[in-house]
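Only one structure is covered here, and it is reproduced in the block below.
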Amino acid sequence: MIKKIILPCLLSALSFSVFAAEKENVFKLTYIEREQGMDEYEVTMLVSDRYIRVDESGEESGFIIYDDKDKTIFSVSHHDHSILVIKEHVFSNDSSPVKPVVEYLELADAPMVSGKSMFNYRVFVNVEKKGVEETCMEIQLVEGLMPEVRKILQNYQKVVSGQQVKMVDNEITEMQTACFFVDQIYNSGEYYEKGLPVQEWHSNEGSKILTDYKKVSVNSNKFKLPEDYRQFSIGADSKTFIN
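With the working numbering applied, the sequence shown covers 50 to 292.
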């Protein structure tokens, strides 16, 4: 009788342990994003100690996983059962053909967020021929907010930009403007070192607003990749299949 009682209890405890192991507490960031010529859309980011998962609301064609341990981005496409793999490419902003200027000012009239002040982080270049300043990106951030997620968000941005650095030549042209290099190529996310962005404007007319942030419990499988999808990477001139 004792054995009969202990065995179900043990199995129940093991079952609970496995279930509990599948759950983890993460930060959920919700954004409204806008791109030129497109309707606005909602994006969510689940941020754990190691991973970021990016999903577009109502879009089931795929998702993005960033693994901070391996400094690698995986862009999953359900349409063709493939995963674009973007590995870290270390670069230096000193290699940029443009030397931007940063203006960092407190927004005195802005409301406090979680007891912290808001600042405006503006990156611009001086256009010598026109004798004017050209704003490349402008970010309103809450200084010191959520340091536990800002570092991994910056690392993610560095991997994105590292891929861009690999894909373009380093010359300013009519299409590759000074702000193009500052904002979309050599953007290593230094603003994350100041605080958490709540509103962003970029030189390609893209914008982003943080509408909500909170801690949630999710299944750890949210950060797993499909096992049977082909993986490939893209270089400047070629596409390479990994498996």
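Glycine included, each C-beta is placed from N, C-alpha and C at the ideal position.
What you are looking at is a predicted structure, and each value in this text was computed from that prediction instead of being measured.
For the 8 Å CB-CB criterion, Phe272 and Ser131 do not form a contact.
When the beta-carbon positions are compared, Leu190 and Tyr170 come within less than 8 Å of each other.
As a beta-bridge residue in DSSP terms, Tyr80 pairs with Val92, Leu259. Of the candidates Leu274, Glu254, Ser163, the residue whose Cα lies closest to the Cα of Met87 is Glu254. The beta carbon of Ser106 sits closer than 6 Å to those of Glu91, all from its chain and outside the five residues before and after it, given in chain order. Assignment of Ile221 by DSSP, reduced to helix, strand and coil, places it in the coil class. If you draw a straight line from the Cα of Lys207 to the Cα of Asp232, it is about 12 Å long. By the neighbour-count criterion, in which a residue is buried when 16 or more other Cβ atoms sit within 10 angstroms of its Cβ, His251 is buried. A residue is called buried once 16 or more other Cβ atoms fall within 10 Å of its Cβ, and Ile221, having fewer, is exposed. Two segments are said to touch when three or more pairs of C-beta atoms, one from each, lie closer than 8 Å; by this definition the region 182–189 does not touch the region 209–223.
Taking 3 residues as the minimum length, the beta strand (DSSP E) runs contained wholly in the region 164–238 are 167–176, 181–192, in order along the chain. In the DSSP assignment, Asp277 falls outside any beta strand (DSSP E), carrying neither H nor E. Linking Ser145 to Ser237 through their CA atoms gives a straight-line distance of about 12 Å.
In this structure, Val174 is the residue among Met94, Val174, Leu202, Ser126 with its C-alpha nearest to the C-alpha of Thr226. Glu242 carries a helical assignment under DSSP once its states are collapsed to helix, strand and coil. Selection Val247, Lys72, Lys77, Leu202 evaluated against Met167 yields Val247 as nearest (Cα-Cα).
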